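Okay, so here's the structure we're looking at.
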Amino acid sequence: MSDRLKEKLQILADAAKYDVSCASSGSDRKNTGKGIGDTGSGICHSYTEDGRCVSLLKILLTNHCIYDCAFCVSRSSNDIKRAAFTVDEVVALTMNFYRRNYIEGLFLSSGIFKNADYTMERMLRIVKKLRLEENYNGYIHLKTIPGASPEMVTEAGLYADRMSINLEMPTESGLKMLAPEKSHEEVKRELSVIRNKSVELADERKVIKSAPAFVPAGQSTQIVVGATPESDMEVMYTADHFYKTYSLKRVYYSGYIPISHDTRMPAMGSAPPVVRENRLYQTDWLMRFYAFEISELLNNDHPNLDPEIDPKLSWALRNPGFFPVDVNSAPYRSILRVPGIGVYSAKKIIAARRFGRLYAWQLKKMGIAFNRARHFIRYADSPIQLNEKDPAIIRQTILEQSTCKFRTDQSGQLTLF
Amino acid sequence: MVTYLFDSTFPGLLTAVFESYAARQKEINVIPAAGYQPGFPDTAVTITSDPEKAQRVWDGLGKRIGNAGRYEFYTAFFSESSEAWQHMFGYARYIFDHGGERAADYGNRHVLAIATYARKVGRERHRMKAFVRFKKGMDGLYAAVVEPDFNVLPLIAGHFRDRYADQRWMIFDKRRRYGIYYDLTFVQEVKIEPLPAGASRVAAPAAMLPDENDSLYTSLWQEYFKSTNIKERANLKLHIQHVPRRYWKHLPEKEPGFL
């Protein structure tokens, strides 16, 4: 019995690992009535050897699937071992892992067997059993099955902390090419079901405090990059649109890992585009936490991110007129735009300068990347600068001083002219 | 410069702050009494920990910097560093002398040091919330052993009490030889005394043997850990940065010979 369970876990964890979402934060479920579990700011309980965090038990209910999406390892035409968990097996695994403090909760996805509603109904049974019978208040991330009925999706939202449905490819045309049975329209429809219900219940909560919690950690989606030839601009404009229209909490970017001999996609064995993925996440962060408009970072003149330097530095070098920023007088938003200063130190600067002008030694102690920032700021004892520094020289200086974490493995990523 | 010797406890440190005002002394070295080497002439003042005086300083801090600020200050204490304690003393004096808004004066070395130490200890506290691995015993007790860099058990007790409210658990700090135990109602500190010299090891009582299913779930966890890794993206440097080697011996997924 236990050997078969182990094999199922191997198959269904392996098939689920390409979904990169790992967040366990954003929900505030309390452990009421001496049950088990709660949620808060999220904890990464371990990290795999690829450096990704393990926060949730991330599994598929089954990898049987009626769809044949070319980019997916569980596609129906792929000759692989298939398996399916029973409802009780998923519940037992979740509870026993949770009680040993291995995980923050469950991430449950599934291949589609029979039809969407049949699959969604099984998943719903698992989350209901966890919440209602096991008195479990830990985190649950549930995938919305494309095509599931609004009633089913809405009911699931009463038990899950987060729900997500993947866009897969950055553009509709890219998706149509590789997965003719799927569409962005369908994803939009499912995302709106949850969004509308969330808005409705939030309004209700203003009047009746006890209105039920509904997907408290919000919705997210995932875009696979590098399988189809879209530019960074196309990827990020899609992300920006979905952030704004569907109030998504997160968009994940997943560098495509070749899993098929399909000639429309990168060949088996080619390295996943990790540098590009990293730059996309940096851009995402600049949009969400640094008040950048996406059009400032990517536009028709700059449709792709610079792999050598991060997008914030890249923006700064393109906009020398914005600098230098005086840390002793500039507004928070301007300080945030300085390469080498993050949210944490920008806030410290704003707080500390009320008590006196800030000098270089204090900025260094606050933890800003001084060697990078010094080209863009003025402080109490900054050296007198007679002529404007040439952005090309600044770029060169910074590149020489920094050791890029990717420098050794850039070969797979960069097609060098 | 005057030297204050205190008992390395948090109330002791707060008492030192109180005494410095009572004695109208300002330039003070605050150091742990344990391991102190008296010089000549010996002018050190021994501070006797006093709960009432400590409480007054604690309340005074609360009034000036609020609960969040006070918790940060408290967190820094668990760095177990005499340098940090000196900064805490300086910080408290700075707040009392100049007002609570100075808690944001990161240009001041004491204020910045408290933030830095609190961050360090906070990181270890967070790691322990992540890296505790319970084993289930036959009597239903979930037990874990840890060896944190800082003394963080007092800072994580509440988290585990709230989360695992329906199971008895114990977390034992092997380095500091004490643990915290939750009996379904309260969390309390437990000490395990070393065996007296010459005593032979006694067999563990049946209750301390692992539950029959425990090894199954440990091995399922190890299997899961392996299967969820993407080999094509191998990045051991990042892996070790997030899970430093010194924690491996208490993590079943990093058990030697398993991977």
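Residue numbers (my numbering), protein chains in the order written: chain A, 1045 to 1461; chain B, 492 to 750.
Glycine included, every Cβ here is placed at the ideal spot set by N, Cα and C.
Bear in mind the structure is a predicted one, so any value in this text is a computation, not a measurement.
Of the listed residues A:1356, A:1310, A:1311, nearest to residue 1324 of chain A (C-alpha basis): A:1356
CB-CB length for residue 1079 of chain A against residue 1145 of chain A, believed under 8 Å: Contact doesn't hold; Cβ gap of about 16 Å is too wide.
As assigned by DSSP and simplified to three states, the class of residue 1433 of chain A: coil
Same chain, Cβ closer than 7 Å to residue 647 of chain B, five either side skipped, listed in chain order: 616, 619, 620
Bridge partner(s) assigned by DSSP for residue 635 of chain B: B:662
Validate contact between the region 1182-1197 of chain A and the region 1152-1159 of chain A using beta carbons, cut 8 Å, 3 pairs: yes
Exposure of residue 737 of chain B, with buried meaning 16 or more beta-carbon neighbours within 10 Å: exposed
Neighbour flag for residue 654 of chain B against chain A, beta carbons, 8 Å: yes
Runs of beta strand (DSSP E) lying entirely within the region 1248-1308 of chain A, each at least 3 residues, in chain order: 1263-1269, 1294-1299
Exposure of residue 1460 of chain A, with buried meaning 16 or more beta-carbon neighbours within 10 Å: Legend: pLDDT at residue 1460 of chain A = 45, less than 50; position of this residue unreliable, value from coordinates given subsequently. It is exposed - the Cβ of residue 1460 of chain A has fewer than 16 other Cβ atoms within 10 Å.
Extent of the continuous alpha helix (DSSP H) to which residue 586 of chain B belongs: 573-589
Per DSSP, cross-strand counterpart(s) of residue 1151 of chain A: A:1102, A:1185
Cβ contact check for the region 1208-1220 of chain A and the region 1259-1275 of chain A: 3 or more pairs under 8 Å: yes
Chain B contact for residue 1116 of chain A (CB, 8 Å cutoff): no
Complete runs of the beta strand (DSSP E) confined to the region 591-644 of chain B [at least 3 residues]: 633-637
Rounded C-alpha distance that separates residue 1204 of chain A from residue 1277 of chain A: 33 Å
Boundaries (first-last residue) of the alpha helix (DSSP H) holding residue 1053 of chain A: 1046-1060
As assigned by DSSP and simplified to three states, the class of residue 671 of chain B: strand
Endpoints, alpha helix (DSSP H) assigned at residue 806 of chain B: Residue 806 of chain B is absent from the model: chain B starts at 492 and stops at 750.
Span separating the alpha-carbon of residue 1370 of chain A from that of residue 604 of chain B: 25 Å
Contacts of residue 1075 of chain A in chain B (Cβ-Cβ under 8 Å): 653, 654, 656
Proximal residues to residue 1441 of chain A (C-beta, below 7 Å), its chain only, five neighbours per side dropped: none
Environment of residue 1083 of chain A [buried if 16+ CB atoms lie within 10 Å]: buried
Interface partners of residue 1067 of chain A on chain B, CB under 9 Å: Under the 9 Å cutoff, chain B gives no residues; its nearest Cβ is about 15 Å from residue 1067 of chain A.
Environment of residue 1392 of chain A [buried if 16+ CB atoms lie within 10 Å]: buried
Proximal chain A residues relative to residue 596 of chain B, where beta-carbon distance stays under 7 Å: 1396, 1399
Host beta strand (DSSP E) of residue 679 of chain B (start-end): 678-682
Separation of residue 1349 of chain A from residue 1458 of chain A, as counted between CA atoms: Bear in mind that a pLDDT of 47 at residue 1458 of chain A, under 50, signals an unreliable position, so the number given afterwards is only what the model happens to contain. Cα to Cα, residue 1458 of chain A sits roughly 12 Å from residue 1349 of chain A.
Same chain, Cβ closer than 7 Å to residue 498 of chain B, five either side skipped, listed in chain order: 524, 540
Proximity test, Cβ basis, 8 Å: residue 1218 of chain A and chain B: no
Contact list for the region 723-743 of chain B against chain A, Cβ threshold 8 Å: 723, 724, 725, 726, 727, 728, 729, 730, 732, 733, 734, 742
Residue 1098 of chain A at chain B interface by Cβ criterion, 8 Å: yes
Other residues of its chain near residue 1455 of chain A: CB distance less than 8 Å, five sequence neighbours each side excluded: No answer about residue 1455 of chain A holds up, because its pLDDT of 43 lies below 50 and its placement is not dependable.
Cβ contact (3+ pairs, closer than 8 Å) linking the region 654-669 of chain B and the region 723-736 of chain B: no
Three-state class that DSSP yields for residue 719 of chain B in the structure shown: coil
Residue 609 of chain B vs residue 566 of chain B beta-carbon contact at 8 Å: yes
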